[in-house]
Amino acid sequence: MEPRIYNLIAELCARVNRFRADDAIFVRYSCISLSAQQQLRREIYQNVSELFVPPKDFSETGNTLLVRQLRQDDLTESFFDALERFAGTLREPSQAFMIIALLQVLDEGLETILRNLIVQFQSDDFSLVLNINRETTGIGLLPCCSCMWERRHRLSYSYNRLDNYLFSLLLIDNAVLGERIDKHYFLKQDIFPHLTERRELRIAASPLSIHRPFVIQRYEEEQVKYFRLAYDNRSFAAENECIWQKITEAARQQADIVVFPEVMGNPQMIESICQKLSSLPQEQQACMPSLIILPSVWEKNRNTVTILDKTGHIICSQSKQNPYRMEEGEQSCLEAIHPNQVVNIFHHEGIGRMAILICRDFLTTHYMEEIMRCFHLTLMIVPSFSTGSYDFRRSFDLCAHDDCNVVWINSCAAFETGKEANFEHIGYVRKRIGRYDDHSQTLCRMPSCGGFFSGQCSRSCLFVETIKGV
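Given below as structure tokens:
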């Protein structure tokens, strides 16, 4: 893979970011006149004609230059000489419009190459950004997967950003990402059969059980009260069988993804479920959910979700980054986790970009919004262990504003006496729908079972919701 073209694009993006004292450049560029656009493209054509379909005559094409779809063998030394020479002249703030116009042309011209790269990345364990100058430019670039419910001009009327004008490239700004470490997984195109066949994604979620598989241990260190979770040394066969039954039921209901709550796993769970999946005949494996988001396990100061594929292969693990503050009377007790700063992003053509934010990560609004907007997330999975749903529901609307759907699943085991009203529903799916669709479908509710408040638990709850294209 030739990083040269992407290094140049990253440098041009960095220049625009350096030029703008505020967002006025993007505000004004959003209303640039057609004649000005044409003039900018003519100047680009005069310097790098290879970027355009050769016009017979400007008058015959209505003064419009058509961007050419580049192939890998078009990226010759002479092409780079012309492009880099022209880009080298664009170093003044007054040339910001020209740089944005050039970036738009490159973004459009590289569409075919980037689509092919997505297919290539689907065979990798995880993918790195396309450019190798990320450290110096503060910009990372990846192919941008489309999403069937995302508006093409998403955010363009709400946020003044350079990537409002890019559609084939995903621009990752280190200034937004901060100290976090991003890892990217491009999922195979046929992994979600219902998405391909019916343009819909089926997601199953289960609260699992009213019984906790752990105990809470409190302690004090350096004047701060902390808590950790501890699992005993008994066999967890019954809990793991419950999880397995939910996975197989999700398969019977043709779910593409199945998700479980926070901290309802156990130390034996991953090995147990992986072994069951890997032991299935191939035809049965093919019917299992494509992504299995296991309940998180609290171990060694990490609260971690493990993500499996249908064969029992571990794709990756996502750790919680923001500790929960547990209120105890007039004091609070802090979850004793050590964040590792890693954010895993899953890419898929048709779904866009998906991430898993564990409970407090979603409720930490600044964190959630930065992750959502940095990667243009289109789907968030939120496993939770919480005594209430109100704050989650308020944050759903922030995500809806950004065309990002949310699946939230809580655990019945989080229930506390006196908070019955918080557990009328044990999970929600917040979906973007079409402008003229029934608005009652934007928030799909997962009701708690009839015996829940009397302490009865059949462990039978499984909810399946469908997200469709808009």
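The sequence shown: position 289 = 289 (my numbering), numbered continuously.
Even glycine gets a Cβ: it sits at the ideal position worked out from N, Cα and C.
Predicted, not measured: the structure shown is a model, and the values here were computed from it.
Check: Are three or more beta carbon pairs between the stretch 327 to 341 and the stretch 94 to 103 nearer than 8 Å?
Finding: no
Notebook entry, point to check: DSSP state of residue 143, grouped into three classes?
Noted result: Residue numbering aside, residue 143 sits at position 143 when the sequence shown is read from its first letter. Here residue 143 sits in strand by DSSP.
Notebook entry, point to check: Who does residue 336 pair with in a DSSP beta bridge?
Noted result: Here residue 336 corresponds to residue number 336 of the sequence shown, with the count starting at 1. Answer is none; residue 336 lacks a bridge partner.
Notebook entry, point to check: So what does DSSP say about residue 93, is it helix, strand or coil?
Noted result: Walking along the sequence shown from the start, residue 93 turns up at place 93. In the structure shown, residue 93 sits in a helix (DSSP, three-state: H, G or I).
Check: What span of residues does the alpha helix (DSSP H) with residue 149 cover, start to end?
Finding: As a first step, residue 149 is located in the sequence shown; it is residue number 149 there, counting from the start. Per DSSP, residue 149 belongs to no alpha helix (DSSP H) and is neither H nor E.
Next item on the list: Please name the residue or residues paired with residue 444 in a DSSP beta bridge.
Entry: Within the sequence shown, numbered from 1, the residue matching residue 444 stands at position 444. In DSSP, residue 444 forms a bridge with 429.
Next item on the list: State the beta-bridge partners of residue 398 as determined by DSSP.
Entry: Taking the sequence shown and counting its residues from 1, the one referred to as residue 398 is at position 398. For residue 398, which the question treats as bridged, DSSP gives no partner whatsoever.
Notebook entry, point to check: Taking residue 173 as the reference, which of 462, 375 and 420 has the closest Cα?
Noted result: Taking the sequence shown and counting its residues from 1, the one referred to as residue 173 is at position 173. Nearest C-alpha to residue 173: 375.
Next item on the list: Report back the beta-carbon spacing between residue 186 and residue 272 to the nearest angstrom; my notes put them in contact at under 8 Å.
Entry: Residue 186 sits at position 186 when you count from the first residue of the sequence shown. Residue 272 sits at position 272 when you count from the first residue of the sequence shown. 29 Å between Cβ atoms; not a contact.
Item checked: DSSP three-state assignment for residue 350, whether helix, strand or coil -> Your numbering for residue 350 matches position 350 in the sequence shown. Here residue 350 sits in strand by DSSP.
Notebook entry, point to check: Which residues bound the beta strand (DSSP E) around residue 184?
Noted result: As a first step, residue 184 is located in the sequence shown; it is residue number 184 there, counting from the start. Residue 184 -> beta strand (DSSP E) spans 181 to 186.
Next item on the list: Name the one or two DSSP bridge partners that residue 408 has.
Entry: One-based indexing of the sequence shown puts residue 408 at position 408. DSSP lists 382 and 428 as partners of residue 408.
Notebook entry, point to check: Which two residues bound the contiguous beta strand (DSSP E) that contains residue 170?
Noted result: To locate residue 170, count along the sequence shown from 1; it is residue 170. Here the beta strand (DSSP E) through residue 170 covers 169 to 173.
Next item on the list: Jot down the residue ranges of each uninterrupted beta strand (DSSP E) in the stretch 3 to 52, minimum 3 residues, whole runs only, in chain order.
Entry: none
Notebook entry, point to check: Going by the beta-carbon positions, is the gap between residue 392 and residue 362 smaller than 9 Å?
Noted result: Along the sequence shown, read from residue 1 onward, the residue named residue 392 stands at position 392. Along the sequence shown, read from residue 1 onward, the residue named residue 362 stands at position 362. Closer than 9 Å, so yes.
Notebook entry, point to check: Hey, how far is the Cα of residue 135 from the Cα of residue 48?
Noted result: On the sequence shown, residue 135 is found 135 positions in, with the first residue counted as 1. On the sequence shown, residue 48 is found 48 positions in, with the first residue counted as 1. Each residue's alpha carbon lies about 28 Å from the other.
Next item on the list: Count the other CB atoms, across all protein chains shown, that sit within 10 Å of the CB of residue 447; report buried if there are 16 or more and exposed otherwise.
Entry: Taking the sequence shown and counting its residues from 1, the one referred to as residue 447 is at position 447. Residue 447 should be labelled exposed.
Notebook entry, point to check: Quick one: Cα of residue 149 to Cα of residue 263, how far?
Noted result: Start at 1 with the first residue of the sequence shown, and residue 149 comes out as number 149. Start at 1 with the first residue of the sequence shown, and residue 263 comes out as number 263. Distance between the alpha carbons of residue 149 and residue 263 is about 31 Å.
Next item on the list: Indicate the three-state DSSP secondary structure (helix, strand or coil) for residue 286 in the structure shown.
Entry: Looking up residue 286 in the sequence shown gives position 286. Coil.
Margin query: By DSSP's criteria, residue 226 is part of a beta bridge. Which residues make up the other side?
Written below: In the sequence shown, residue 226 corresponds to position 226, counting from 1. For residue 226, which the question treats as bridged, DSSP gives the partners 219 and 334.
Check: Where does residue 403 sit, in a helix, a strand or coil, going by DSSP?
Finding: Walking along the sequence shown from the start, residue 403 turns up at place 403. It is coil, neither helix nor strand.
Next item on the list: Given a cut-off of 9 Å, decide if residue 181 and residue 293 are closer than it, judged by their beta-carbon atoms.
Entry: The residue given as residue 293 occupies position 293 in the sequence shown. The residue given as residue 181 occupies position 181 in the sequence shown. Going by C-beta atoms, residue 293 is not nearer than 9 Å to residue 181.
Checklist line | For residue 477, the nearest candidate out of 259, 45, 406 and 79 (CA to CA) | finding: Lying outside 1 to 470, the shown extent of the chain, residue 477 is not represented and no answer is given.
Next item on the list: Return yes when the Cβ of residue 208 is within less than 9 Å of the Cβ of residue 169, no when it is not.
Entry: Your numbering for residue 169 matches position 169 in the sequence shown. Your numbering for residue 208 matches position 208 in the sequence shown. Result no, Cβ atoms of residue 169 and residue 208 do not sit closer than 9 Å.
Notebook entry, point to check: Going by other Cβ atoms of all chains shown within 10 Å of its Cβ, with 16 needed for buried, is residue 306 buried or exposed?
Noted result: Numbered from its first residue, the sequence shown carries residue 306 at position 306. By the 10 Å Cβ count, residue 306 comes out buried.
Next item on the list: Sort 142, 188, 177 and 189 by Cα distance to residue 166 and report the nearest one.
Entry: Your numbering for residue 166 matches position 166 in the sequence shown. Comparing Cα-Cα distances from residue 166 to each of 142, 188, 177 and 189, the minimum goes to 142.
Next item on the list: Assign residue 430 to one of two classes, buried (16 or more other C-beta atoms within 10 Å of its C-beta) or exposed (fewer than that).
Entry: In the sequence shown, counting from the first residue as 1, residue 430 sits at position 430. Residue 430 comes out buried.
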